[in-house]
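Here is the structure we will look at.
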Amino acid sequence: MRWSQLHVPTLRDDPAEAEVVSHKLLLRAGYIRQLSAGLYCYLYLAKRSLNKIERIIRQEMDAIGAQEIYTPELHPADVWKESGRWQAIGGDMFRLKDRWGREHCLGMTEEEVVTFIARGELRSYKQLPQIWYQIQAKFRDEPRPKSGLMRVRRFTMKDSYTFDMDAAGLDAAYKKHYRAYCRIFDRCGLDYLAVDAHSGAMGGSESCEFMVPSPAGEDWIVECPASGYRANLEKAVTTAKPPAVPDPAGDAGLEEFQTPGKKTIEEVSEFDGCPPSSHIKAMVMAADGKPLMALLRGDHQLSETKLAVETGATRIRSAHAEEIDQWLGAGAGYVGPVGAGDLTLLADSALEGRRNLITGANRDGYHLRNVTPGRDFQARFADLREAEDGDFDIASGEPVRRLKAIEVGHIFKLGYKYSASMGLKVLDENGKGVNPIMGSYGIGVERVLTGAIEQNADSVGMSLPVSIAPFEAVVTPVNLKNSAQREAAERLYRQLETAGVDVLLDDRAERAGVKFKDADLIGIPFRVTVGRKIGDGLVELTERRTRESRDAAVGEIAKLLTQRIGEVMPVAESRN
RNA sequence: CGGGGCGUGGCGCAGUCUGGUAGCGCGCCUGCUUUGGGAGCAGGAAGUCGGGGGUUCGAAUCCCUCCGCCCCGACCA
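When we follow numbering that gives the first Met the number 0, the leftmost residue of the first sequence carries the number 0, and every step to the right adds one.
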């Protein structure tokens, strides 16, 4: 392509509304323009780059025997009512009516639709397994879209769905996807981690997220560099650091003491002189409306996700002040497990074996000391706590760290949720009708791009991996009025095209500085500069990532460039 | 949904407190010069000051109201 004919509206200044690196650069480099909150138009460069990502995805999906299909983004409500999700999903779903008043929604995922198709077509175990995938728009009415393409209301998803006869079949499909995803993200040049994840409202047993570590990310993952343990924060289980001071020995009796106006752990801790880790944090919660008390070490944070899993509740919330007062007769700052009436008590494992602790007395203005779990109250122990930086890996005992990350992919073992609720059945070897077991697998295409930008940006712009950059190389004549330079650049451009290089010719009537800045900004991995040395038959090859240059003979450049492209092209590493 | 910020040529901003001819930088157009890291000079085009209502002789500026965008939190398949 010739740059003079393209619309690449680069900006000199950072747009005021952009905060994170990828958002700033996508706008500045002329990749995207915003239509509205969470809705973006992809201009030429973004589309080119996204097309390359999709191409890699298609190749790897095809390689595991997946079949590309396409289903409408607009869904009738009926199928969603069959699975129960029409009701289960709240404001995140875009809902609308057609002219007859029939309810529809914009697809946010497609389990229902593919199950609907499968139900009409699959009759026999001989037709399984099946892997279907598509790449299409998804819509989610995010309460707060943010950070450019990171969190939007319309995005492109590669979603696939598998149908198998049994758990072993599903496991094989899941592993195929795991490997395909590794190959895809490898080839896109991402530095990523596959982490154990919580399957959430999607249902199902096992799930794994593909995370790109980045300060701009919105998810937390926990990693033990020494042992290789990795999990989403919602799921990570670690050993806590020991309490700041050991518990007093002996079996001292319960003792109430006054703590007027001291409600938070910090206030009480400062008041009584014992560190937060010697306190029990008591949180009154409502699990699907039912009251319960969650108990944690004073310096720990409750994981609502873990609490939900532990209780089997679908919705967990903090109790309202009036509820706490009604259930316990004390304000939120003074509640505790001793004498908590018939509230269910759930205690975090870090409290197991502790003694002589401090907690609320269920009486306003009072706390209790010398509280020992097991003696003074009975609670069910479970892992309820959010893992922290500096905790220890359970298996190896080595320290873990928390990292922010961008979720680029997620694979789920769904189980029978959709085949059962929607009546998808095939006959097995014995002629008996059974529900196939399903899996679903997603990749956020734009997030692959944002992740790559976040991981490959510097002070002058982005430097995308050659596999997903909008162009592999740009030929830059320094001075178009110099006919030797102009003609050499034209020849080189055609020659590189012929050699199969995805090349751009910067034939704009701009000064060299402007061309260099723009090329750096939009992140083209290689630049061939045709300048004054052309008289000696020399051009210059510059690599965006290292910003290093070397001279090369015009006649050699095609060979040299294709060789370098091959050398820096990310390849799939062999991960199990 | 709670809290905060912002809305002025394409982009970045000043002007608003204290009402009085709408400005600056970049970009854009024309011409000349320049030509290896966002050129110089000269000339030029371009703004319902987010929308509506009000106060006033007069509103970007004061008042009311609505809308939009960004950030923090809540939420998040």
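Glycine included, every Cβ here is placed at the ideal spot set by N, Cα and C.
Nothing here was measured: the structure is a model prediction, and the numbers come from that model.
Nearest candidate by alpha-carbon position, reference residue i, set the options
i    : options                   : result
V370 : G216, D158 and D250       : D250
I130 : R57, G328, E269 and F93   : R57
G119 : T545, N50, G499 and G422  : G422
S82  : V113, M60, R98 and L356   : V113
G64  : A76, M156 and K175        : K175
E72  : N50, L42 and E110         : E110
A87  : L38, L25, T313 and L350   : T313
P336 : A235, G443, L448 and D375 : D375
L192 : A557, D218 and E205       : D218
S439 : E205, E16 and I521        : E205
S482 : N434, D506 and V502       : D506
L306 : E321, E322, P212 and A286 : A286
V399 : L344, I564, E321 and C223 : C223
V244 : V308, R353 and S317       : R353
M107 : A386, A508 and W85        : W85
I436 : P128, V473, S48 and V20   : P128
K514 : R531, V473, I31 and R493  : V473
T70  : L49, L44, K96 and I116    : I116
Y607 : V20, K431 and Y160        : With the chain represented from 0 up to 575, any question about residue 607 goes unanswered, as that position is not in the structure.
L42  : V433, H366 and I31        : I31
DSSP three-state assignment for residue i, whether helix, strand or coil
i    : result
R461 : Correcting the residue type first, residue 461 is Met in the shown sequence and not Arg. Looking at M461 - three-state DSSP - the assignment turns out to be strand.
G252 : coil
N50  : helix
D363 : coil
W131 : strand
S439 : strand
E222 : strand
M282 : strand
L34  : strand
P274 : coil
L504 : strand
Residue i versus residue j - alpha carbon distance
i    : j    : result
S548 : E539 : 6 Å
D324 : G297 : 21 Å
F138 : H6   : 28 Å
V529 : L559 : 15 Å
A346 : R384 : 10 Å
P259 : A225 : 47 Å
G460 : L10  : 11 Å
E397 : T238 : 10 Å
N478 : R526 : 15 Å
L34  : P242 : 52 Å
G227 : G534 : 56 Å
G389 : F162 : 42 Å
E254 : G338 : 13 Å
T475 : D501 : 14 Å
A488 : E496 : 12 Å
Environment of residue i [buried if 16+ CB atoms lie within 10 Å]
i    : result
A28  : buried
S3   : exposed
A543 : Inspection of the sequence shows that residue 543 is occupied by Arg rather than by Ala. With 16 or more other Cβ atoms within 10 Å, it is buried.
K289 : exposed
H319 : exposed
M233 : Inspection of the sequence shows that residue 233 is occupied by Glu rather than by Met. Per the 10 Å Cβ criterion, buried.
K157 : buried
C40  : exposed
W79  : buried
W99  : exposed
V334 : buried
S268 : buried
F256 : exposed
D190 : exposed
Run of the beta strand (DSSP E) containing residue i, from where it starts to where it stops
i    : result
M107 : Neither: M107 is in no beta strand (DSSP E) and is coded neither H nor E.
C40  : L38 to Y41
S482 : Careful: S482 lies outside any beta strand (DSSP E), inside the alpha helix (DSSP H) at S482 to T497.
R94  : R94 to K96
A551 : E547 to A552
R379 : R379 to A381
K157 : R153 to D163
Start and end residues, alpha helix (DSSP H) containing residue i
i    : result
K416 : K416 to S420
D170 : A166 to R186
F564 : Checking the displayed sequence, the identity of residue 564 turns out to be Ile instead of Phe. Per DSSP, I564 belongs to the alpha helix (DSSP H) from I556 to V567.
V308 : E303 to T310
D390 : Run containing D390: none; DSSP gives neither H nor E here.
R143 : Careful: R143 lies outside any alpha helix (DSSP H) and carries neither H nor E.
A542 : Sequence inspection shows Glu at residue 542; the Ala mentioned does not correspond to that position. E542 -> not in any alpha helix (DSSP H); beta strand (DSSP E) instead, spanning L537 to E542.
The ligand ATP heavy atom lying under 7 Å from the CB of residue i
i    : result
M292 : No copy of the ligand ATP appears in this structure; indeed no ligand is present at all.
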